[in-house]
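**Q** I'd like to ask you about the structure that follows.
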Amino acid sequence: MEYKAVNSKPLKLKGEGVKKKKKHKEEKKLLEQVTNATENPGESAKSTQIQRTKAELAFLKQQEKMQKERIAQKASKTHKQRVEEFNRHLDSLTEHFDIPKVSWTK
């Protein structure tokens, strides 16, 4: 359905007659970067490599060490052992944390 104005000229609907901007130049640049990266992966990695400070490197090293320790600790016990340990912990708690009875008839 086409709308006509009073002076009988057709109205342009939203999006009609609007040309899209061409991005060929940007696409070509990106394509060149990708092809250069695949042809020479060592060169592109060196140019985009982030320089880290001594403190950042020490922090990352410590994080990795702690993560390895956590994984080793979790892997040391089986699921059954963890459940038994959790049940012992729950038994050691006082009955103060139990859910009280709600029904007066029972």
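For the sequence shown, my numbering assigns the number 311 to the initial residue and increments by one for each residue that follows.
Where is the CB? At the ideal position from N, CA and C, for every residue including glycine.
Just so you know, these numbers come straight off a predicted model, no measurement behind them.
1) Do you know whose CA, among N346, E337, L367, V393, lies nearest E358's CA?
2) I need the straight-line Cα distance from K378 to A365, nearest angstrom please.
3) Work out the CA separation of Q372 and I381 for me, nearest whole Å.
4) Express the C-alpha separation of L367 and Q361 in angstroms, rounding to a whole number.
5) For L483 and L340, what's the separation of their Cα atoms in angstroms?
6) Distance check for Q343 and R398, CA to CA, integer angstroms please.
7) Could you give the DSSP three-state label for Q372: helix, strand or coil?
8) For R392 and K338, what's the separation of their Cα atoms in angstroms?
9) Whole angstroms is fine: what's the gap from T404's alpha carbon to S413's?
**A** Straight from the coordinates:
1) One point to set straight first is that residue 358 is Thr, not Glu, in the sequence displayed. Checked all of N346, E337, L367, V393; the closest Cα to T358 is N346.
2) 20 Å
3) 14 Å
4) 10 Å
5) The shown model of the chain, from 311 to 416, leaves out residue 483, and the question about it has no answer.
6) Using only the alpha carbons, I get a separation of about 60 Å.
7) In this structure, Q372 counts as helix in the three-state DSSP scheme.
8) 57 Å
9) 22 Å
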